[in-house]
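For reference, the structure is listed below as structure tokens.
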Amino acid sequence: MVRDIARFYLSLILALFASSNAIAQSRPQVHWSTFHKQANQCACHLFALEALRKEGLNQIFEDTGSIILAGNNHVVAEVVCLPGNQQIRLSAFSTDSTTAELTRNRVRETIVNSALFDTCP
5 MVRDIARFYL SLILALFASS NAIAQSRPQV HWSTFHKQAN QCACHLFALE
55 ALRKEGLNQI FEDTGSIILA GNNHVVAEVV CLPGNQQIRL SAFSTDSTTA
105 ELTRNRVRET IVNSALFDTC P
């Protein structure tokens, strides 16, 4: 009887541990950075939108002109153009840390390498 109770508690503990592990693995992972870009608000918005689309983040959840939140079935990214000080804050969220990190790095690289050929209104 004592063995049965011990087995029961052991199996309960293992089940709870497995359940908490599954929950931890499905939590979103986030990678973020803040960087400078010589661009006004309009140009920052254009650069961010182009970079997000280039990464396949075509579902736009929010676009206020200074904040763009976009994603697909694997990752969501947010670009915030901070007015006045030419800073850009970039975050990427995914259940897979590598996906979030790569998305953040690629979007940032595209924005950094962007150049405006026309003037913004």
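Going letter by letter, the sequence shown gives residues 5 to 125 in my numbering.
Positions of the beta carbon are idealized from the N, C-alpha and C atoms, including for glycine.
- Going by DSSP, arginine 93 is part of the beta strand (DSSP E) stretching over 91-98.
- Looking at the DSSP output, glutamate 113 shares a beta bridge with no other residue.
- By a beta-carbon distance limit of 8 Å, valine 83 does not contact leucine 106. Their separation comes to about 16 Å.
- Non-local C-beta neighbours of asparagine 44 in its own chain, meaning closer than 6 Å and more than five positions away in sequence, are absent.
- If you check the CB distance, valine 111 and phenylalanine 97 do not come in under 8 Å.
- Distance between isoleucine 71 and cysteine 124, taken at the CA atoms: about 17 Å.
- When secondary structure is reduced to three states using DSSP, threonine 68 falls in the coil class, being assigned neither helix nor strand.
- Of Asn117, Ala74 and Cys85, the smallest CA-CA separation from phenylalanine 65 is found for Ala74.
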